[in-house]
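A quick write-up on the structure given underneath.
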Amino acid sequence: MQLQDWIGRSEQSSDVATATPYAALSATLNRAGERPATGMVLPPLWH
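With the working numbering, letter number 44 in the sequence shown gets 53, and the count goes up by one each step, no holes.
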């Protein structure tokens, strides 16, 4: 596929994250104690 073929198109993907990386980043950002709910969308830039 050429780059020009993407004009006017987009692509979306999704994935499931486990609680462990979320808890680790929460602790790093001093937000310990927060637990993610099933199906919760991660905050921006937490990918």
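We put the beta carbon where it would ideally sit given N, CA and C, even for glycine.
(message) In whole angstroms, give me the CA-to-CA distance for residue 47 and residue 11.
(response) Straight across, the Cα-Cα distance linking residue 47 with residue 11 is about 38 Å.
(request) Pick out whichever of 49, 31, 50, 52 has its Cα sitting closest to the Cα of residue 42. (result) Of the listed residues, the one whose Cα sits closest to residue 42 is 31.
(message) Using 8 Å as the threshold, is the C-beta distance between residue 15 and residue 34 below it?
(response) Between residue 15 and residue 34, the C-beta spacing is not below 8 Å.
(request) Using alpha carbons as the reference points, say which of 26, 52, 25 lies closest to residue 9. (result) The requested residue 9 is not part of the displayed model; the chain covers only 10 to 56.
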